[in-house]
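A.B. asks: First residue of the sequence shown? That's 9 in the numbering used here, and the numbers climb one at a time after it.
Beta carbons are placed, not taken as given, at the ideal position from N, Cα and C, and that holds for glycine.
All values derive from a computational prediction rather than experimental measurement.
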Amino acid sequence: MVKCPVSMPNAVYLRACVVSALLLLLGGCGDRAMSRSVALHECRLAKLSSAAQCATVNVPEDRSKPDGRTLALFVAILPANTLSPDADPLFMLPGGPGQSAQAAVPVAVALAGVRRTRDIVLIDPRGTGKSAPLKCAALAPRDLFDELIDVDLAATAAQRCLAELRELRAPDDVDVSRYITPEIVADVDAVRAALGYQRINLWGGSYGTRVAQEFARRYPSRVRSMVLDGVAPPAMRTTLDVWPAREKALADVLAACAENADCKRAYPDLNATLEEIKTALGASRRVRVADPRTGVLREVSLGFDSVVAALHGLVYAPELASLIPPLLSRAQAGDFAPLLAAAMPLTSDLEQTMNLVLYFAVTCAEDAPRVTASDSSRLLATLRAPSLAARNLAACDGWPRPSLPPDFYQPLSSAVLTLILSGGLDPVTPPANGELVAKSLSNSRHVIAAGYGHIVSPQACTPRLIEKFIDTAGFATLPQSCLDYLAASKRPPTFSSLLEPK
Numbered sequence: 009m010v011k012c013p014v015s016m017p018n019a020v021y022l023r024a025c026v027v028s029a030l031l032l033l034l035g036g037c038g039d040r041a042m043s044r045s046v047a048l049h050e051c052r053l054a055k056l057s058s059a060a061q062c063a064t065v066n067v068p069e070d071r072s073k074p075d076g077r078t079l080a081l082f083v084a085i086l087p088a089n090t091l092s093p094d095a096d097p098l099f100m101l102p103g104g105p106g107q108s109a110q111a112a113v114p115v116a117v118a119l120a121g122v123r124r125t126r127d128i129v130l131i132d133p134r135g136t137g138k139s140a141p142l143k144c145a146a147l148a149p150r151d152l153f154d155e156l157i158d159v160d161l162a163a164t165a166a167q168r169c170l171a172e173l174r175e176l177r178a179p180d181d182v183d184v185s186r187y188i189t190p191e192i193v194a195d196v197d198a199v200r201a202a203l204g205y206q207r208i209n210l211w212g213g214s215y216g217t218r219v220a221q222e223f224a225r226r227y228p229s230r231v232r233s234m235v236l237d238g239v240a241p242p243a244m245r246t247t248l249d250v251w252p253a254r255e256k257a258l259a260d261v262l263a264a265c266a267e268n269a270d271c272k273r274a275y276p277d278l279n280a281t282l283e284e285i286k287t288a289l290g291a292s293r294r295v296r297v298a299d300p301r302t303g304v305l306r307e308v309s310l311g312f313d314s315v316v317a318a319l320h321g322l323v324y325a326p327e328l329a330s331l332i333p334p335l336l337s338r339a340q341a342g343d344f345a346p347l348l349a350a351a352m353p354l355t356s357d358l359e360q361t362m363n364l365v366l367y368f369a370v371t372c373a374e375d376a377p378r379v380t381a382s383d384s385s386r387l388l389a390t391l392r393a394p395s396l397a398a399r400n401l402a403a404c405d406g407w408p409r410p411s412l413p414p415d416f417y418q419p420l421s422s423a424v425l426t427l428i429l430s431g432g433l434d435p436v437t438p439p440a441n442g443e444l445v446a447k448s449l450s451n452s453r454h455v456i457a458a459g460y461g462h463i464v465s466p467q468a469c470t471p472r473l474i475e476k477f478i479d480t481a482g483f484a485t486l487p488q489s490c491l492d493y494l495a496a497s498k499r500p501p502t503f504s505s506l507l508e509p510k
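1. Leaving out the 5 sequence neighbours to the left and right, which residues in its chain are closer than 7 Å to Tyr536 when beta-carbon positions are compared?
2. Counting C-beta neighbours from all protein chains within 10 Å, is the total for Arg168 16 or more, i.e. buried, or is it exposed?
3. In three-state terms, what does DSSP make of Met42?
4. When DSSP labels each residue in this structure, what does Ser421 get in the three-state scheme?
5. When you compare only the Cα positions, how much space is there between Leu388 and Ala118?
6. Beta-carbon separation of Tyr275 and Gly103 under 9 Å?
7. Would you kindly work out how many angstroms separate the C-alpha atoms of Met42 and Gln206, rounded to a whole number?
8. Should Ser139 be labelled buried (16 or more other beta-carbon atoms within 10 Å of its own) or exposed?
9. What do you reckon, are the CB atoms on Gly311 and Gly290 nearer than 9 Å?
10. Alpha carbon to alpha carbon, how far is Arg218 from Leu412? Give it in angstroms, no decimals.
11. When the Cα atoms are used, what is the spatial distance from Leu433 to Ser330?
12. Applying the criterion that 16 or more other CB atoms from any shown protein chain within 10 Å of the CB defines a buried residue, is Ser314 buried or exposed?
13. Excluding the five sequence neighbours on either side, which residues of its own chain have a C-beta within less than 7 Å of the C-beta of Val323, listed in chain order?
14. With distances taken Cα to Cα, identify the nearest neighbour of Ala423 among Arg409, Val445, Leu429 and Lys476.
15. Looking at C-beta atoms only, is the number of pairs between the segment 228 to 243 and the segment 62 to 78 that lie closer than 8 Å three or more?
16. Can you have a look at Ala120 and say buried or exposed, based on whether 16 or more other CB atoms are within 10 angstroms of its CB?
17. In the DSSP assignment, find the unbroken beta strand (DSSP E) run with Arg453 in it and report its ends.
18. Could you check what DSSP says for Ile85 in three-state terms: helix, strand or coil?
19. Whole angstroms is fine: what's the gap from Ile157's alpha carbon to Val365's?
20. Report the three-state DSSP secondary structure of Ser503 (helix, strand or coil).
21. Using a 10 Å radius around the Cβ and a threshold of 16 neighbouring Cβ atoms, would you call Arg200 buried or exposed?
22. Report the rounded CA-to-CA distance for Thr361 versus Ala111, giving the unit in angstroms.
23. Assuming Val193 contacts Glu222 (C-beta within less than 8 Å), just tell me the rounded distance between them.
24. Keeping to the same chain, check which residues put their C-beta closer than 7 Å to that of Ser382; ignore five residues upstream and five downstream.
25. Once the 5 residues before and after Ser452 are set aside, which same chain residues still bring their CB inside 7 Å of it?
26. Considering Phe368, what are the terminal residues of the alpha helix (DSSP H) in which it resides?
27. Mapping the DSSP letters down to three states, classify Met352 as helix, strand or coil.
28. If we ignore side chains and look at the alpha-carbon of each, how far apart do Ile463 and Gly431 end up?
29. Consult DSSP for Asp313 and reduce its assignment to one of helix, strand or coil.
30. For Ala140, name the three-state secondary structure that DSSP assigns.
31. Excluding the 5 residues flanking Cys51 on each side, which residues of the same chain have their C-beta closer than 8 Å to its C-beta?
32. For the alpha helix (DSSP H) that Arg254 lies in, which residues bound it at each end?
33. Since Thr246 contacts Leu336 with CB under 8 Å, what's their CB separation in whole angstroms?
34. If you scan the segment 424 to 488 from start to end, which runs of the alpha helix (DSSP H) of 4 or more residues do you find wholly inside it?
35. With a threshold of 7 Å on Cβ separation, who are the neighbours of Tyr493 within its own chain once the five nearest residues in sequence on each side are excluded?
36. Just curious, the alpha helix (DSSP H) that Ser233 is in, first and last residue?
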């Protein structure tokens with residue numbers, strides 16, 4: 009018997025309760041109910057005010073060994089706010105690689121309009137969140153302040169983690185070589201089948217766009233539409249290609265200051281300021297820095313690589329990037345605390361939603377093998393902090409390199425309906441990526457939000473674009489006022505001090 013609470017806070021609970029009762033009474037006569045093979049239970053997700061319906065879907069770790077180790081994938085359904093939802097839900101594929109479903113919750117919340125008629129499905133990809141998370145002590149969450157000032161931590165920890173995984177490997181233990189995009193894609197289809205959906209809509213953010221494209225390649229008949237936000241083309245070498253993109257984004261911030269009279273008056277030559285900071289710090293220098301969380305002074309070894317890493321983090325968010333001129337001025341005067349404090353919230357969020365073991369498992373298997381020594385040499389010659397990139401490139405040495413499908417790196421050639429979104433200020437997946445992918449997607453439209461950064465789906469009027477696109481399965485009804493607004497949006501104003509924008 010299904011017992012409905014006396015007070016129902018919203019239509020989500022009402023729908024879940026009534027539908028459950030109807031399915032019991034009717035013996036599960038609906039198409040989706042007949043094919044659903046997992047039980048749902050009410051659950052709660054952080055940053056989500058209403059209840060979700062959660063389930064576990066079991067999949068083989070290695071599909072060539074169906075009797076081997078099994079992974080329990082965590083799945084959450086945000087039910088449509090109607091008793092008669094459309095049959096094709098929206099599956100949300102988070103980025104990273106290594107992000108859990110929790111990272112996609114803010115976007116799902118922004119897409120409340122989609123839930124008027126459709127379920128939204130969130131999945132913790134294998135190795136993340138609650139889906140058999142990959143673990144090793146070397147890559148366990150660390151003190152955020154230490155991570156900001158010691159950029160060697162992640163790179164050296166990746167090598168220690170690999171040694172740890174090899175030492176602990178036993179016949180029934182984790183096979184890190186199976187934590188790759190093709191397996192994640194197959195997992196998504198297994199979840200689709202277990203939940204009883206025939207066709208689905210896909211939203212992918214950053215690395216999630218790679219998963220979405222590969223899903224559409226392997227299972228084209230099961231995709232109704234795709235939204236690709238912050239596009240990673242199949243051939244993108246994440247371990248290499250992000251560095252010049254970040255450098256350009258930082259250079260653009262410095263150039264924007266030079267083009268603004270007030271900013272240029274306050275900071276005549278920010279490139280020279282950076283060089284002065286580099287000279288002052290050298291490879292590393294002992295400095296006294298206030299911990300941004302406590303205000304307690306600590307004496308630490310700070311290198312120029314740490315400064316560049318913090319700046320690269322800030323350019324992900326245009327609003328924070330506008331603070332770079334005064335932050336550099338303070339650093340030039342020997343006060344690095346404001347710069348580190350500005351970068352810390354980004355690192356904090358990453359620690360909560362990112363599995364670094366999966367990040368290395370995927371990128372070292374799929375991207376690093378295509379980076380040659382000459383590629384690395386050419387790249388390093390162009391960077392402000394070449395040793396920062398060099399250590400990260402070396403982090404993949406020795407990690408497994410399993411075989412991948414022959415067409416894995418080829419552009420997706422498809423007629424699937426696709427809305428491509430790019431932030432004009434995106435420092436890691438710039439609009440050029442979206443243009444490249446659009447060339448082989450015959451039924452696509454590329455929308456550039458000129459004044460926004462990485463992942464634009466929750467920004468401004470973009471949720472309305474996505475809602476209209478998914479609702480009508482086309483581009484004709486996209487609100488022109490929103491398209492015009494995004495195209496005309498500008499970089500946030502630069503700050504001439506830490507108190508006032510100019």
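C.D. replies: So, from the listed chains and residues:
1. Limits of the chain in this structure are 9 at one end and 510 at the other, which puts residue 536 out of reach.
2. exposed
3. Bear in mind that a pLDDT of 44 at Met42, under 50, signals an unreliable position, so the number given afterwards is only what the model happens to contain. Three-state result, Met42: helix.
4. coil
5. 39 Å
6. no
7. Confidence in Met42 is poor, its pLDDT being 44 and thus under 50, which makes the residue's placement unreliable; the coordinate value appears in the next sentence. Taking the straight line joining both Cα atoms gives about 12 Å.
8. buried
9. yes
10. 14 Å
11. 12 Å
12. buried
13. Arg254, Ala257, Leu258, Val261, Ala329 and Pro435
14. Val445
15. no
16. exposed
17. Ser452 to Ala457
18. strand
19. Reliability fails at Ile157, whose pLDDT of 48 lies under 50, so the model's placement of it is uncertain and the value that follows must be treated cautiously. So the two alpha carbons sit approximately 21 Å from each other.
20. Here residue 503 turns out to be Phe, not Ser, going by the sequence shown. Correct three-state label for Phe503: strand.
21. buried
22. 6 Å
23. 5 Å
24. none
25. Thr426, Ile428 and Ala446
26. Leu364 to Glu374
27. helix
28. 7 Å
29. helix
30. coil
31. Ala59, Ala60, Gln61, Cys62 and Ala84
32. Thr246 to Ala266
33. At roughly 27 Å, the Cβ-Cβ gap does not stay under 8 Å, so Thr246 and Leu336 are not in contact.
34. 439 to 446 and 470 to 480
35. Ala468 and Cys469
36. Unbroken run through Ser233 is the beta strand (DSSP E), Val231 to Asp237; no alpha helix (DSSP H).
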